[in-house]
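Enquirer: So the mapping is simple: the working numbering equals the position in the first sequence, first residue as 1, plus 160.
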Amino acid sequence: MEYQFRELEKKWQDHWKKNKTYQVPNVSDKPKFYVLDMFPYPSGAGLHVGHPLGYIASDIFSRYKRLKGFNVLHPMGYDAFGLPAEQYAIEHGVHPAVSTAQNIDNFRKQLDNIGFCYDWEREVRTCEPGYYKWTQWIFLQLFNSFFDRDQQKASSINNLIASFEKNGTAVVGTRAGVEAFTAEEWKAKSHKEQQEVLMNYRLAFCGYGEVNWCEALGTVLANDEVVNGVSERGGHPVVKKKLRQWYLRITEYADRLLKGLDEIEFSEAMKEMQTNWIGKSYGAEIDFNIQSEKATDRKLRVYTTRPDTIFGVDFMVIAPELDYIDSITSTEQAAAVADYLAFVKSRSERERMAEKKISGVFTGAYAINPFNGKQIPIWISEYVLAGYGTGAIMAVPCGDERDFKFAKHFNIPITNIIGDAFNGEEANPTKDAKLENSDFLTGMVMRDAIDVAVKKIEDLGIGTRKVNFKMRDAAFSRQRYWGEPFPITWKDGVAAPLTEAELPLLLPDVESYSPGPEGEGPLANIPEWVSRELETNTMPGYAGSSWYFLRYMDPHNNEAFCDRKVSDYWGQVDLYIGGTEHAVGHLLYSRMWTKALYDLGHIGFDEPFRKLVNQGMIQGSSRFVYRIQNTNKFVSKGLKDQYETNALHVDVNIVDGLELDTEAFKKWKSDYADAEFILEDGKYICGAEVEKMSKSKYNTVNPDMLVDKYGADTFRMYEMFLGPVEISKPWDTKGIEGVHRFLKKFWRLFYDELKGKMWNEETPTAEELKVLHKAIKKIEEDTERFSFNTAVSAFMICVNELADLKCHKKAVLEQLIVLMTPYAPHISEELWSLIGNQGSVLDASYPKYEEKYTIESSKEYPISVNGKMRTTLNLPVDISAAEVEKIVLANEVVLKWTEGKPPKKIIFVPGKMVNVVI
RNA sequence: GCGCAUGUGGCGUAAUUGGUAGCCGCGCCAGACUUAGGAUCUGGUGGAGCGAUCCGUGGGGGUUCGAGUCCCUCCAUGCGCACCA
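The following block contains the structure:
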């Protein structure tokens, strides 16, 4: 009986489906465990071998936990709204709902091939009304709440209104854009005025933001669609345009998002990325009087983290966007300033940030240093960003590298306030130097002077201590079609939420997917939509993905996004697996949504993911052929330098290692049907390079092909065998044979092709039990710490050893099957049933490691002389140090190396080693 | 530029707290069975040397009885962030 993987895998996949083996109840006596994969965007290209890496890891862990007696929630779904489907619709006229559904069907088939244990009854698709009804509902929760800074939590907007009616802004305080008012003043405001005030508090709010507007395409472009000030597609001019946009007030959660990191198991690198993104800094805002030829009582407000360097300020730099530039620019400089502003306006934010060349212009105005009356020139430069701090900085060239370069470039004299610590060649950003030329700060160490300076600034009333965040509020609208409609109507410029009963607000069909007038989305082209005064923007991709892990718990609930009892049972995601590319986007947004839902009492936990494991990226290993210019001749790599050639990507699937299958190449594309080859040693050798796996580079490897050739179990184990899950590495199909051979060898412990049934009911020997229990221990430990590659290796060792012992005993093999189940579920089910068990092996219990089988009475000790290993000695484990000394010193190898010299010291570490020092 | 991570045979990798470097697999070499093998099985395989032995975890230095592992420094690669004041 052979290992017929195709038949048995199909048989068991059908069996699992028919018996609903993977259906998980919401009520159970077992402890719960929630394993989640980042759900995929169902792209038209389908799965490549990089996608399932994390899915396999989570599948193994889910099955492992199930065998360990947990009720395991392990669902899958689709992040189904998104731009590619809309772009496809524009180009091919296919409704995004149709192409998305097709892509999902394709994904599902590919996933099913690999034999995952998802509970498909719980599948979610973010684009379905039953799902996005609740995305809209949560949006309304955010719209109808504000962040209570005293309580540090979200609270109903009605509480805010009540507070305004009673106390004005006295209790909750003002916000940017809100002037303080009394209760009476609040009551005197019109409805519209009141709503405008409330908008400055809502967690989901409407404001104005700049977007990349391309007039020719009539649409808004993403940063990376803009290159050199023109659109990537078509090369049309792009300008910045202010558009009404929705935002989420995530900045209010900045501190809690930071603090929450202490309670969750994310990698340090991941936590650091989030911390940097949030970018909390401590400093001060300082007001400077402005001296300009135009009369102004405006102050220049700067934000600095280094108020201790106030006497080293040689110039000020303000962002080109600041609205008061006109009011301070001198007549002489007006033309230069206007030119510079026009130059900056033509540049995308990304270009400005990437720019290394120094540029800027003097305004002709000065700020006055409040401590010494010094005139400080005010410059404009694109390296200062309007969105951060106050959009203005005080420049200290001796302490800041950018300021230093700017000063050098424009010949601005540099004041040294740190004496020898500044060498005039480069800035020194130290905090440990002693201040000089700094009036009341002179002689102080900078680190200590920061606080002294801030106190003085506050005492003089010219500034305040200030905590700043780099993070900005999250833009939450897109001028697109294929996304969730906002449940908002606009009446007289006031946003009014729909009622819960009106949800879901269905995404209507459109005639055309092209943009509406004035940069609005396609929904603005629908007369009925516009006449209902509905919002024409849609929500961005991350709306649906910010809370999907909650919907899996209770996916068919029509009364709530998730029943509170159910979310109390399942709680946090215990293990979340996905790529690092979502480090700051998705993972921050879903953390914020979770906190808001928690604050409003809808769920009982405020961090969504207890533990995160990042899977590494599987890169592609591209292959190249070299075509001789203007011919259809291809020259092998070793000979290519003799010709003028162009390197062309060739499909990796028709290359064996580096050797091209020339016949397959001719068939690959009609252009190459009559290709000729210049071979070396009778072979055509390709070039190779590691790149991102992508269809356009012809370096994708489709899992379906490998599953078909070797089976799902081999594929699963091979992906794990490649190396640690979190490491990125290029895909190489070469080694898969080894894993396949291993499974065949495993099978042969039970059945031999010629001899038939091999397994028997004999009693295992001590040696056999030792092999088994060694494996149990290693595999259990490795699985627990997500070291799946070493676990696969342990399986191989175990099977090799059992084969060497000719052990075919059911008592041993039966336990090995259970151990294998998470990794190779199909073959395990088959063998489990063949050796006479009823039911699924998943309902078996995990083997229990028993130390008594693996205890050794002696150990092979390495014996070193002066730290170099010279020999080994087999010694009893309970030997005493004195005995070891005696035996070792009498050993002839040791005697040879000590050359008769007396040992200075003998180090004996029981269970480890012996070292003789002479 | 800043931050983080990683450098081990021809290749993917292993070595969990500092204690026998190279487990497991690929590839390669030899052999068995075969009309044949890109099937299967057995043995070998870090480098140099006939050998005893020596050299070896990116380079250099250090701590230690002992370093792939810890510290310093330099180099290389990958990833992330990017004029963040």
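Positions of the beta carbon are idealized from the N, C-alpha and C atoms, including for glycine.
None of these values were measured; they are calculated from a predicted model.
In terms of residue numbering, what span does the beta strand (DSSP E) encompassing R1030 cover?
Expert: Note, R1030: beta strand (DSSP E), K1028 to P1036.
Enquirer: I need the boundaries of the beta strand (DSSP E) containing W539, first residue and last residue.
Expert: W539 -> beta strand (DSSP E) spans Q535 to I540.
Enquirer: To the nearest angstrom, report how far apart I572 and F475 are at their CA atoms.
Expert: Distance between the alpha carbons of I572 and F475 is about 8 Å.
Enquirer: Rank T523, L1035 and A429 by C-alpha distance to the C-alpha of E453 and give the top, closest one.
Expert: Minimum Cα distance to E453 is reached at T523.
Enquirer: Can you grab the Cα-Cα spacing for the pair A635 / L421, in whole Å?
Expert: In a straight line, the C-alpha of A635 is about 23 Å away from that of L421.
Enquirer: Identify which residue in V1025, K1028, N1051 and G1027 has its Cα closest to the Cα of N1034.
Expert: Nearest option by C-alpha distance: N1051.
Enquirer: Between T1014 and F906, what straight-line distance do the alpha-carbon atoms span, to the nearest angstrom?
Expert: Cα-Cα distance, rounded: 22 Å.
Enquirer: Go ahead and label R607 buried or exposed: buried means 16 or more other beta carbons lie within 10 angstroms of its beta carbon, across all protein chains shown.
Expert: Classification for R607: exposed.
Enquirer: What's the call for R362, buried or exposed, on a 16-neighbour Cβ count within 10 Å?
Expert: The residue in question, R362, is buried, as its Cβ has 16 or more Cβ neighbours within 10 Å.
Enquirer: How would you write the range of the alpha helix (DSSP H) that I939 sits in, first residue to last?
Expert: First-last of the alpha helix (DSSP H) with I939: A926 to E944.
Enquirer: Pick out whichever of K894, N360, F341 and K401 has its Cα sitting closest to the Cα of G369.
Expert: Checked all of K894, N360, F341 and K401; the closest Cα to G369 is K401.
Enquirer: Could you name the residues of the same chain whose beta carbon sits closer than 6 Å to that of V627, not counting the 5 residues immediately before and after it, in chain order?
Expert: Excluding positions up to five away in sequence, the list reads Y442.
Enquirer: Beta carbon of R461, beta carbon of A546: below 9 Å?
Expert: No, they are not a contact pair.
Enquirer: Please give the ranges of any alpha helix (DSSP H) in the segment 678 to 706, keeping only runs that are unbroken, at least 4 residues long and fully inside the region.
Expert: Counting only runs of 4 or more, we get 687 to 691 and 702 to 705.
Enquirer: Would you give the residue range spanned by the alpha helix (DSSP H) that T295 belongs to?
Expert: P289 to F303 is the extent of the alpha helix (DSSP H) around T295.
Enquirer: Output yes or no for whether 9 Å exceeds the beta carbon distance between K970 and I995.
Expert: The answer is yes: Cβ separation under 9 Å.
Enquirer: According to the Cβ coordinates, are F241 and A703 closer than 9 Å?
Expert: Yes, the pair counts as a contact, with Cβ atoms nearer than the cut-off.
Enquirer: Give the DSSP bridge partners of A634, in chain order.
Expert: Beta-bridge pairing links A634 to L408.
Enquirer: Quick one: what's got a C-beta closer than 7 Å to G1027's C-beta in the same chain, skipping five residues either side?
Expert: So the qualifying residues of the chain are N1075.
Enquirer: Taking C-alpha atoms, which residue in V1053, F306, C958 and K1046 lies nearest to I1066?
Expert: Of the listed residues, the one whose Cα sits closest to I1066 is K1046.
Enquirer: Taking the beta carbon of N697 as the centre, do at least 16 other beta carbons fall within 10 Å, making it buried, or is it exposed?
Expert: Buried, because 16 or more other Cβ atoms sit within 10 Å of the Cβ of N697.
Enquirer: Whose C-beta lies closer than 8 Å to the C-beta of Y1009 among residues of the same chain, with five residues either side of it excluded?
Expert: The residues are H933, I936, K937 and E940.
Enquirer: Under a three-way DSSP split, which group does D308 fall into?
Expert: Three-state result, D308: strand.
Enquirer: Report yes or no: do three or more beta-carbon pairs, one from the segment 875 to 892 and one from the segment 821 to 829, lie closer than 8 Å?
Expert: No, the segment 875 to 892 does not touch the segment 821 to 829.
Enquirer: Rounded to the nearest angstrom, how far is the Cβ of L408 from that of L302, given a contact under 8 Å?
Expert: Going by Cβ atoms, the distance from L408 to L302 rounds to 7 Å, so yes, they are a contact pair.
Enquirer: Just to confirm before moving on: does the CB-CB distance between F155 and Y238 stay below 9 Å?
Expert: Residue 155 is absent from the structure shown; the chain starts at 161 and stops at 1078.
Enquirer: Where V670 and E678 are concerned, what is the direct C-alpha to C-alpha distance, given to the nearest angstrom?
Expert: Straight-line Cα distance between these residues: approximately 18 Å.
Enquirer: State the start and end residues of the unbroken beta strand (DSSP E) segment that holds L196.
Expert: Per DSSP, L196 belongs to the beta strand (DSSP E) from K192 to D197.
Enquirer: Using three-state DSSP, classify W176 as helix, strand or coil.
Expert: The answer is helix: DSSP assigns W176 an H, G or I state.
Enquirer: Hey, quick one: how far does the alpha helix (DSSP H) through F902 stretch, first residue to last?
Expert: Unbroken alpha helix (DSSP H) run through F902: I896 to R908.
Enquirer: Does the segment 427 to 446 come close enough to the segment 735 to 751 that 3 or more CB-CB pairs lie under 8 Å?
Expert: Result yes; three or more Cβ-Cβ pairs closer than 8 Å.
Enquirer: Would you mind stating whether S781 and P863 have Cβ atoms separated by less than 9 Å?
Expert: The answer is no: Cβ separation not under 9 Å.
Enquirer: With a threshold of 16 other CB atoms inside 10 Å of the CB of Y484, please say whether the residue is buried or exposed.
Expert: Exposed, since its Cβ has fewer than 16 Cβ neighbours within 10 Å.
Enquirer: Taking Cβ to Cβ, would you say A343 is nearer than 9 Å to I737?
Expert: Their beta carbons are not under 9 Å apart, which means A343 does not touch I737 by this criterion.
Enquirer: In whole angstroms, what is the alpha-carbon distance linking G472 and C558?
Expert: Computed Cα separation, rounded: 7 Å.
Enquirer: Using 8 Å as the threshold, is the segment 836 to 851 in touch with the segment 781 to 790, meaning 3 or more CB pairs across them?
Expert: The segment 836 to 851, when compared against the segment 781 to 790, does touch it at the 8 Å Cβ threshold.
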